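Asker: Chains as they are written, first to last, in the numbering used here: chain H, -3 to 122; chain G, 6 to 117; chain P, 2 to 366. Below you'll find the structure I mean.
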Amino acid sequence: MSEQEKNTKEGEEKEPLMDIKEIEKETLLDEVTRISFDNWRLIQICATKVGEEQYEILYTFGKGYQWKNLRIHLKKGEAVSSITSVYEIAYLYENEIHDLYGIHIDMLNYDFGGKLFRTGVQYPFA
Amino acid sequence: MAFLPYVGMALKNLFSKPATESFPAGEREYTDRYRGHIENDIEKCILCGNCQRNCPSGAIKVSKADFTWEIHPFSCVQCSKCVEVCPVKCLSMVNSFTGIPSRSPARRRQRS
Amino acid sequence: MAVNNNAKKISVVPFGPQHPVLPEPIHLDLVLKDEKVVYALPSIGFVHRGLEKLVEKRDYEQFVLIAERTCGICSFGHGMGYVEAIEKIMNLDIPPRAKFLRTMWAELARMHNHLMWLGLQADAFGFESLFMECWRLREKVLDMLELTTGGRVIFSVNKVGGLRKDVTPEMLEQILHTIDDLEKECRVVTDTFLGDPDVLSRMKGVGVLTPGRAEELGCCGPFLRASGVKRDCRMLGYEAYGELKFEPIVSYDGDCYARCVVRIEELYQSMDLVRQCIAKMPGGDIDVKVKGNPNGEYMVRIEQPRGEALYYVKANGTRFLTRYRNRTPTYANIPGLIETIKGAELADVAMMILTIDPCISCTER
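Here is the structure:
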């Protein structure tokens, strides 16, 4: 019990549980191409809202039973380039991020134009 | 021939009783732990409001001024959280049918 | 002239969202050339409820109930994945009895899912009496679940820190008896699936997916294992799987028949795993006390009956979480589905959609 309380107090000094590499959004395509050369597959892409007008996008890749992650930080209104030129199946995840969060993604191979998820309110999670 | 096993099963089904119960004519037997609906033993209830605060769907309404305890049975998700947090253990999960929407208005209990 | 004739032969047929064979609404626009499908364009979003936004309104202990209600069939897996992520962030050590009970319930959920899938597959190619038979057998599994947890599809037994209900030894005896009876009756049904000439002519050689292409498209679950790739997330050893003996089940043809074989073998493997769990069940407590709030992030991978599911939880030290993300197996299998549909006859499209085991409520949360 005391070890658990210690862990919740020293939130910053705990060892990270996931293998995440923080990168700039300009180097995203380079990193992703390097990863795909090494035969990793794409598992998922997830967007999070971490504050007013601040977003993060997390990319997860896997090989066999191992996995690793990349993370980029964005402000509202910035655009990010799509990784569908390297992994063609990313279109589903990136269309969902655009429909729910309003983050603009360039150069998608299949762009549904905001119509993949039918929501009552535009960009409900933004 | 591979369809012979199924022919045996098909003939057995032809001559045995149906697998379904003709509800509401037949009895539906519930197990002991089945989560049906919530009942309140109102004489023991102290109207503390713990169940109202902990209900995730907001189905319970307690009014200390009018001595009433009310539950909307179709807002209840049968999670049993109210049963766990009640300090005097007057709430219980009963294993019978929740009710039909048009004929189950809010269940009110009033203390004497 | 040849160009004009080709242009006239292409037609676009909308499939769904209302269709007798689909359990949940999904829409596909099929581009046909002379009864053969050339391309399919998916369109989802009919059942979108925005469950992930409810993290702002319900604290992390109550959110288990929302996570469970994402889907009716895979519901135990969703609750278990979410709770495991929070327990890892808060560094809680749950007792071994809770781990074995969770494994037992997860395998019972896998059994009822595969029996349901077998019934729906039989219905898709018109064999209605086999469909009714599979669902009658599934009722026996649901009775076992009602006996131990109180609910048929939504169990509500997981909580942060362990379980809410314990199981008595008499219930475990009854589960063992029921599984023995069930296995004998299932043999008749699965022999029909594997041997009947009508079934074989509809399923063999239809919808082939090569292993290389399946890996590129990011498929998971029995859909992937039927193409020859040996990957099963239960081998990672979460909960009590590290102490049970089993191997992933693989088939090498990659067609609809191979997917059927993989699911049938997994059904019998689950019965064996439940027997192993009950034999090794330790005594003791079923929960630990939870204090404080979670702070940090973690991602859990578990093997749902339909494939590999991910649960990403991000917490910031308050009672409300920042983000909960659930990537379900059907979401990953949709590109694979579109690839297998290309080149198929229109009459086989309904059956091929069912071979990925679509759970659209999970996909759209």
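Virtual Cβ for every residue (Gly too), placed ideally from N, Cα, C. Quantities reported herein were computed from a predicted structural model and do not represent experimental measurements.
Chain G beta carbons: is any one of them nearer than 7 angstroms to that of P/Glu147?
Answerer: Closer than 7 angstroms to some Cβ of chain G, the Cβ of P/Glu147 qualifies, so yes.
Asker: So with CB distances below 7 angstroms, who are the chain P contacts of G/Cys84?
Answerer: Chain P residues near G/Cys84: Leu66 and Ser157.
Asker: Among all the DSSP beta bridges, which residues are the ones paired with G/Val99?
Answerer: G/Val99 is bridged to G/His42.
Asker: Measure from the C-beta of G/Thr36 to each C-beta in chain P and report whether the shortest distance is under 7 angstroms.
Answerer: It does: the Cβ of G/Thr36 has a partner Cβ on chain P nearer than 7 angstroms.
Asker: Could you compute how far the alpha carbon of P/Glu171 sits from the alpha carbon of P/Ile279?
Answerer: Cα-Cα distance, rounded: 12 angstroms.
Asker: By how many angstroms is the C-alpha of P/Lys292 removed from the C-alpha of P/Val207?
Answerer: Whole-angstrom Cα-Cα distance: 55 angstroms.
Asker: Measure the alpha-carbon distance for P/Ala227 versus P/Lys315 and round it to whole angstroms.
Answerer: Rounded to whole angstroms, P/Ala227 to P/Lys315 spans 34 angstroms at the Cα level.
Asker: Would you kindly work out how many angstroms separate the C-alpha atoms of P/Leu245 and P/Arg111, rounded to a whole number?
Answerer: Spanning the two alpha carbons is a distance of roughly 16 angstroms.
Asker: Quick test of your reading: H/Ile101 and H/Ser78, contact by CB under 8 angstroms. State the CB separation rounded to the nearest angstrom.
Answerer: So it is a contact: roughly 5 angstroms between Cβ atoms.
Asker: May I have the straight-line CA-CA distance separating P/Leu183 from G/Ser21, to the nearest angstrom?
Answerer: Those two C-alpha atoms are separated by around 18 angstroms.
Asker: Mapping the DSSP letters down to three states, classify P/Gly367 as helix, strand or coil.
Answerer: Beyond the ends of chain P as shown, which are 2 and 366, falls residue 367 of chain P; an answer cannot be given.
Asker: Quick one: which residues of the segment 132 to 146 of chain P get their C-beta closer than 7 angstroms to a C-beta of chain G? List them in chain order.
Answerer: Taking 7 angstroms as the Cβ-Cβ cut-off against chain G, the residues of the segment 132 to 146 of chain P that qualify are Glu134 and Arg137.
Asker: For H/Thr44, return the contacting residues in chain P, with the cut-off set at a CB-CB distance below 7 angstroms.
Answerer: The contacting residues are Lys315, Thr323 and Arg324.
Asker: From the DSSP output, in three-state form, read off P/Cys319 for me.
Answerer: This sequence places Thr at residue 319 of chain P; Cys is not what is there. P/Thr319 falls in the coil class under three-state DSSP.
Asker: In this structure, what does DSSP give as the bridge partners for P/Ile303?
Answerer: Paired residue(s): P/Ala310.
Asker: Relative to the C-alpha of P/Gly337, which candidate in H/Ile85, H/Cys42 and H/Glu20 has its C-alpha closest?
Answerer: Checked all of H/Ile85, H/Cys42 and H/Glu20; the closest Cα to P/Gly337 is H/Ile85.
Asker: Count the CB pairs spanning the segment 39 to 56 of chain H and the segment 337 to 357 of chain P that are closer than 8 angstroms, and state whether there are at least three.
Answerer: These segments do not touch.
Asker: Would you list the one or two residues that DSSP bridges to H/Phe57?
Answerer: H/Leu38 and H/Lys64.
Asker: Note the first and the last residue of the continuous alpha helix (DSSP H) segment covering P/Leu119.
Answerer: Per DSSP, P/Leu119 belongs to the alpha helix (DSSP H) from Pro97 to Ala125.
Asker: For P/Glu88, which of P/Leu146, P/Phe126 and P/Tyr313 has the nearest alpha-carbon?
Answerer: Ranking P/Leu146, P/Phe126 and P/Tyr313 by Cα distance to P/Glu88 puts P/Tyr313 first.
Asker: So, is P/Gln122 buried or exposed, given that buried needs 16 or more other C-beta atoms within 10 angstroms?
Answerer: Buried, since its Cβ has 16 or more Cβ neighbours within 10 Å.
Asker: Name the residue from P/Gly152, P/Phe247 and P/Ala215 whose alpha carbon lies nearest to the alpha carbon of P/Gln270.
Answerer: That would be P/Phe247, whose Cα lies nearest to the Cα of P/Gln270.
Asker: Determine which residues of the segment 41 to 73 of chain P have a Cβ less than 7 angstroms from any Cβ of chain G, and write them out in chain order.
Answerer: So the close ones are Arg59, Gln63 and Leu66.
Asker: Tell me which residue opens and which closes the beta strand (DSSP E) that P/Phe16 is part of.
Answerer: Ile11 to Phe16 is the span of the beta strand (DSSP E), which, as asked, contains P/Phe16.
Asker: Which runs of the alpha helix (DSSP H) fall wholly inside the segment 155 to 225 of chain P and span at least 4 residues, in chain order?
Answerer: You should have 170 to 196, 198 to 204 and 212 to 217.
Asker: Do P/Gly82 and P/Ile303 come within 7 angstroms of each other at the CB atom, strictly closer than that value?
Answerer: Cβ atoms of P/Ile303 and P/Gly82: closer than 7 angstroms.
Asker: Tell me the DSSP secondary structure of H/Ile101 in three-state form.
Answerer: Strand.
Asker: Going straight from the alpha carbon of G/Pro61 to that of P/Lys58, what length do you get?
Answerer: In a straight line, the C-alpha of G/Pro61 is about 10 angstroms away from that of P/Lys58.
Asker: For P/Glu267, does the three-state DSSP call read helix, strand or coil?
Answerer: Three-state result, P/Glu267: helix.
Asker: Excluding the five sequence neighbours on either side, which residues of its own chain have a C-beta within less than 6 angstroms of the C-beta of P/Glu108, listed in chain order?
Answerer: So the qualifying residues of the chain are Ser271, Leu274 and Val275.
Asker: Is DSSP giving G/Ala24 helix, strand or coil here?
Answerer: DSSP places G/Ala24 in coil when its eight states are reduced to three.
Asker: Using the C-alpha atoms, what's the distance from G/Met98 back to H/Glu110?
Answerer: The question names Glu, yet the displayed sequence has Gly at residue 110 of chain H. Approximately 46 angstroms between the Cα atoms of the pair.
Asker: Which residues in the same chain have their Cβ closer than 6 angstroms to the Cβ of P/His28, if we skip the five residues on either side of it in sequence?
Answerer: Taken in chain order, the residues that qualify are Gly17, Pro18 and Ser44.
Asker: Between P/Gly127 and P/Met133, what straight-line distance do the alpha-carbon atoms span, to the nearest angstrom?
Answerer: C-alpha separation (whole angstroms): 12 angstroms.
Asker: Taking C-beta pairs closer than 7 angstroms, name the residues in chain P that G/Pro61 reaches, listed in chain order.
Answerer: Near G/Pro61 (Cβ distances below 7 angstroms), the residues of chain P are Arg59, Gln63 and Leu66.
Asker: Here's a check: name, in chain order, each residue in its chain whose Cβ is nearer than 6 angstroms to the Cβ of P/Gln1, leaving out the five neighbours to either side.
Answerer: An answer regarding residue 1 of chain P cannot be provided, because it is not within the stretch 2 to 366 covered by chain P.
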